[in-house]
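Undergrad: To start, I am sharing the structure in question, which I have written as structure tokens.
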Amino acid sequence: MRDYRRVILIALIAFAAAIAGVVVGREYVVPQPPVENELHDLLHSQLNLDTAQHAAIDVIEQRFAVRRRALEGELRADNARLATAIEAERGYGPKVAAAVDRSHQAMGQLQKETLEHIFAMRGVLRPDQATRFDDVVVKALTAKER
21 MRDYRRVILI ALIAFAAAIA GVVVGREYVV PQPPVENELH DLLHSQLNLD
71 TAQHAAIDVI EQRFAVRRRA LEGELRADNA RLATAIEAER GYGPKVAAAV
121 DRSHQAMGQL QKETLEHIFA MRGVLRPDQA TRFDDVVVKA LTAKER
């Protein structure tokens, strides 16, 4: 009888630990949705865009998607060069430093072009829509991690 209670107690503790792990994981480990998702949702379902605005934003998004894929390809290539440099130098040497600098340039270019993309979409909006759009952008850029 005593062993039966011990097994139940262990099972309950294990169950409570599993629930606690899920709660901690959902609250602290799962990343926040990307800014793009919030902006996309705002643009396409909350701002009541007219047909011309939808068409203009679709063109802007399609153009940026092509450019973004190209820049992300550059970043992957930069990461491969960095891995090669690390493998060759086995430390922080001149090849690693150069690869890091090159990677930072590509990251910076992606950030600049992302901002240009955001401002291009903003340019299609009416003043009342732009105010809400700005609020989402500022909130996303200043949001603190939980």
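The sequence shown begins at 21 in the working numbering and counts up one residue at a time. Cβ coordinates follow ideal geometry from the N, Cα and C atoms, glycine included.
(1) Taking 7 Å as the line, does the beta carbon of aspartate 61 fall inside it for any heavy atom of the ligand FAD?
(2) Give every residue of the same chain whose Cβ lies closer than 6 Å to the Cβ of arginine 142, excluding the five residues on either side of it in the sequence, and list them in chain order.
(3) Put glycine 143 into one of helix, strand or coil per three-state DSSP.
(4) In its own chain, which residues sit with a C-beta less than 8 Å from the C-beta of leucine 62, not counting the 5 before and 5 after it?
(5) Which residues bound the alpha helix (DSSP H) around glycine 93?
(6) Could you tell me the alpha carbon to alpha carbon distance between lysine 132 and histidine 124, rounded to whole angstroms?
(7) Using the C-alpha atoms, what's the distance from phenylalanine 35 back to arginine 26?
(8) Assuming leucine 130 contacts leucine 91 (C-beta within less than 8 Å), just tell me the rounded distance between them.
(9) Could you check the C-alpha separation between proline 147 and leucine 67 for me, to the nearest Å?
(10) If the criterion is Cβ atoms closer than 8 Å, does the pair alanine 160 and glutamate 58 meet it?
(11) What did DSSP end up calling glycine 113 once you bin it into helix, strand or coil?
TA: On the basis of the data shown:
(1) Inclusion of the ligand FAD in the displayed structure is not the case, the ligand content being empty and no account of it being possible.
(2) Excluding residues within five positions, the ones whose Cβ falls inside 6 Å are Ala150, Phe153.
(3) coil
(4) Arg152, Phe153, Val156
(5) 71-109
(6) 12 Å
(7) 14 Å
(8) 4 Å between Cβ atoms; contact.
(9) For proline 147 and leucine 67, the distance between alpha carbons rounds to 11 Å.
(10) yes
(11) In this structure, DSSP gives glycine 113 a state outside helix and strand, which the three-state scheme calls coil.
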